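Notes to accompany the following structure.
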Amino acid sequence: MAFRTLKDIDMSHKRVLVRVDFNVPLDAKGRVADDTRIRAALPTINYLRSKKSIVILMTHLGRPEKVEDRFRLDAVAVRLSRLLKARVHKFDDVVGSDVEDAVGELSWGEVCLLENLRFYPEEERDDECFASELASLADIYVNDAFSVSHRAHASVHAITKLLPSVAGFQMQHEIETFDRVLHRPKRPFIAIMGGAKVSDKIEVLENLLAKVDALLIGGAMMFTFLKATGLEVGKSKVEPDKYALARRLLKKSHRKLILPIDCVVASSPNTRGSVVDATAIPKNVMGLDIGPKTVEVYRQILAEANTIVWNGPVGMFELARFAKGTNELAKAIAKLKAVKIVGGGDTIDAINKLDLASRFTHVSTGGGASLDFLAGKTLPGIRALEENVPRIKKAQLIRRFIPHP
Ligand code: ADP
Ligand code: 3PG
Ligand code: MG
Numbered sequence: 223m224a225f226r227t228l229k230d231i232d233m234s235h236k237r238v239l240v241r242v243d244f245n246v247p248l249d250a251k252g253r254v255a256d257d258t259r260i261r262a263a264l265p266t267i268n269y270l271r272s273k274k275s276i277v278i279l280m281t282h283l284g285r286p287e288k289v290e291d292r293f294r295l296d297a298v299a300v301r302l303s304r305l306l307k308a309r310v311h312k313f314d315d316v317v318g319s320d321v322e323d324a325v326g327e328l329s330w331g332e333v334c335l336l337e338n339l340r341f342y343p344e345e346e347r348d349d350e351c352f353a354s355e356l357a358s359l360a361d362i363y364v365n366d367a368f369s370v371s372h373r374a375h376a377s378v379h380a381i382t383k384l385l386p387s388v389a390g391f392q393m394q395h396e397i398e399t400f401d402r403v404l405h406r407p408k409r410p411f412i413a414i415m416g417g418a419k420v421s422d423k424i425e426v427l428e429n430l431l432a433k434v435d436a437l438l439i440g441g442a443m444m445f446t447f448l449k450a451t452g453l454e455v456g457k458s459k460v461e462p463d464k465y466a467l468a469r470r471l472l473k474k475s476h477r478k479l480i481l482p483i484d485c486v487v488a489s490s491p492n493t494r495g496s497v498v499d500a501t502a503i504p505k506n507v508m509g510l511d512i513g514p515k516t517v518e519v520y521r522q523i524l525a526e527a528n529t530i531v532w533n534g535p536v537g538m539f540e541l542a543r544f545a546k547g548t549n550e551l552a553k554a555i556a557k558l559k560a561v562k563i564v565g566g567g568d569t570i571d572a573i574n575k576l577d578l579a580s581r582f583t584h585v586s587t588g589g590g591a592s593l594d595f596l597a598g599k600t601l602p603g604i605r606a607l608e609e610n611v612p613r614i615k616k617a618q619l620i621r622r623f624i625p626h627p
């Protein structure tokens with residue numbers, strides 16, 4: 223790997239600034255509704271505590287434009303403290319002399335959490351002055367936030383120009399997993415793409431088609447493909463400006479791109495559905511799920527796979543009557559022996575509702591980041607760690623990485 227990781231450098235008794243992604247959903251009372259992303263950072267935090275380092279955590283939450291109380295991190299700190307079974311010092315600001323003083327008072331092995339990074343517009347501007355104020359708090363920077371590594375923000379990007387920078391355990395694991403799938407998949411390699419819009423995922427589709435043995439299409443995007451081949455799709459969600467692209471992908475896909483043969487339709491999402499063949503969709507209905515014949519075909523194709531990547535529910539799974547395709551596929555995949563990777567907020571939600579997350583090889587914390595990675599893009603946060611390697615002094619490396627004389 224072209225960047226350094228936590229275990230490459232001496233982490234004992236250091237002040238360590240760790241970028242985590244605690245951008246978690248909150249419920250109506252402002253409590254953490256799903257702590258998957260907080261739990262994902264625990265191995266890194268606990269490792270640093272075991273090294274008696276001072277752990278300074280920083281994250282964004284939501285997309286506030288300015289200081290807004292509902293985006294404060296107090297509830298996140300409470301949940302983190304419970305998971306760590308240790309005190310978390312929550313600060314009410316991100317930078318400035320009060321924060322510097324408070325960090326200065328921490329003892330070795332203690333953990334603190336800065337306030338929401340996005341209270342400062344400098345964060346999203348990748349501002350170097352803001353980054354240098356953050357950097358002044360610490361000796362070493364750790365990126366353990368794969369899911370924001372597609373953002374060139376100050377706490378992900380500019381900061382790496384100022385401190386020796388390494389990847390945390392979660393970051394390393396996500397990159398290694400996706401890298402293996404993109405470059406050395408165990409074949410047959412089958413991808414399933416669903417979700418709402420073709421335009422969201424078109425780059426991923428093109429890139430994956432070059433790598434996979436089969437690409438199974440579901441979700442609303444199937445109707446753009448069906449319509450592009452000249453079929454009637456009624457009131458289904460389509461993107462007319464993507465018909466030409468859909469036709470081009472179908473033409474060059476060498477039969478790897480597989481479309482549903484039936485679907486569940488209804489006059490609106492509020493009404494009951496019925497199953498029709500994909501070649502016989504009436505004008506006055508919309509398609510909201512894949513049908514049972516398609517589920518069976520997909521199940522058979524997936525049974526042959528040694529690697530499966532899934533992004534995007536294949537139907538409007540939020541409504542039970544259109545969730546069958548997604549649920550049946552999830553249950554079928556859960557039983558398979560293949561390497562099984564799932565990413566995307568809604569897809570993970572669907573899998574968590576069925577309590578099947580533990581049956582997948584890897585559930586990515588990344589939505590946008592995992593899609594960009596699969597699309598073959600270089601994520602700014604990963605490149606920043608790679609470019610930082612020459613900044614790490616030999617003296618900081620632990621012995622096994624010092625080259626032999
Ligand atoms: P992810 O978050 O896993 O990347 P997306 O956000 O791309 O997934 O897509 C999920 C959304 O797609 C869900 O809200 C689901 O209701 C919607 N969806 C799936 N199939 C259809 C369909 N046939 N018509 C309309 N919306 C659909
Ligand atoms: C995410 O939820 O995908 C990450 O936390 C990034 O958040 P953002 O899309 O607001 O930059
Ligand atoms: Mg989504």
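Counted from 1, the sequence shown has number 338 at position 116 by my numbering; the numbering is strictly sequential. Cβ atoms here follow ideal geometry from the backbone N, Cα and C, with glycine treated the same way. Just so it is clear, the structure is predicted and the values come from calculations on it, not from any experiment.
**Report entry** Cβ neighbour criterion (16 or more within 10 Å) applied to S329
**Finding:** Numbered from 1 along the sequence shown, position 107 holds the residue referred to as residue 329. By the 10 Å Cβ count, S329 comes out exposed.
Query raised in the report: What are the residues that DSSP puts in a beta bridge with S413?
Result: Along the sequence shown, read from residue 1 onward, the residue named residue 413 stands at position 191. Ser is not the amino acid found at residue 413; the sequence shown has Ala there. Partner(s): L437, V531.
Requested in this report: May I ask whether a heavy atom of the ligand 3PG can be found less than 7 Å away from the beta carbon of R373?
Outcome: Along the sequence shown, read from residue 1 onward, the residue named residue 373 stands at position 151. Checking every heavy atom of the ligand 3PG against the Cβ of R373, one is found closer than 7 Å.
Query - Euclidean distance between Cα positions of V242 and N574 - result: Here residue 242 corresponds to residue number 20 of the sequence shown, with the count starting at 1. Here residue 574 corresponds to residue number 352 of the sequence shown, with the count starting at 1. Distance between the alpha carbons of V242 and N574: 22 Å.
Query raised in the report: Beta-carbon separation of V388 and V364 under 8 Å?
Result: Numbered from its first residue, the sequence shown carries residue 388 at position 166. Numbered from its first residue, the sequence shown carries residue 364 at position 142. Contact flag set, yes.
Query raised in the report: Which one or two residues does DSSP pair with D484 in a beta bridge?
Result: Reading the sequence shown from its first residue, position 262 is the one you call residue 484. Its beta-bridge partners are D499.
Requested in this report: Spell out the partners DSSP gives C334 in its beta bridges.
Outcome: Numbered from 1 along the sequence shown, position 112 holds the residue referred to as residue 334. Its beta-bridge partners are I278, H311.
Report task. State yes or no: is the C-beta of G589 nearer than 7 Å to some heavy atom of the ligand MG? Result -> On the sequence shown, position 367 is the one that residue 589 refers to. For the ligand MG, at least one heavy atom lies less than 7 Å from the Cβ of G589.
Query raised in the report: Which residues bound the alpha helix (DSSP H) around V455?
Result: Looking up residue 455 in the sequence shown gives position 233. Looking at the DSSP string, V455 is not in any alpha helix (DSSP H), and its letter there is neither H nor E.
Requested in this report: Tell me whether C351 is buried or exposed, calling it buried when 16 or more other Cβ atoms sit within 10 Å of its Cβ.
Outcome: Working through the sequence shown from its first residue, we reach residue 351 at position 129. C351 is exposed by the Cβ-count criterion.
Query raised in the report: Are the Cβ atoms of S369 and G588 separated by less than 8 Å?
Result: Taking the sequence shown and counting its residues from 1, one reaches residue 369 at position 147. Taking the sequence shown and counting its residues from 1, one reaches residue 588 at position 366. Closer than 8 Å, so yes.
Query raised in the report: Any heavy atom of the ligand MG closer than 7 Å to the Cβ of G284?
Result: Reading the sequence shown from its first residue, position 62 is the one you call residue 284. For the ligand MG, not one heavy atom lies less than 7 Å from the Cβ of G284.
Requested in this report: Taking S489 and V507 to be in contact with their CB atoms under 8 Å, please state how far apart those CB atoms are, rounded to whole angstroms.
Outcome: Taking the sequence shown and counting its residues from 1, one reaches residue 489 at position 267. Taking the sequence shown and counting its residues from 1, one reaches residue 507 at position 285. Going by Cβ atoms, the distance from S489 to V507 rounds to 5 Å, so yes, they are a contact pair.
Query raised in the report: Given that a residue counts as buried once 16 or more other Cβ atoms are within 10 Å of its Cβ, and exposed if not, what is H375?
Result: In the sequence shown, the residue the question calls residue 375 occupies position 153. Classification of H375: buried, given that the 10 Å Cβ count is 16 or more.
Query raised in the report: What is the residue span of the beta strand (DSSP E) that K562 lies within?
Result: The count along the sequence shown starts at 1 and reaches residue 562 at position 340. K562 -> beta strand (DSSP E) spans 561-565.
Requested in this report: Leaving out five residues on either side along the sequence, give the residues of the same chain with a beta carbon under 7 Å from the beta carbon of R301.
Outcome: Against the sequence shown, residue 301 aligns to sequence position 79. The answer, listed in chain order, is V254, D257, I260.
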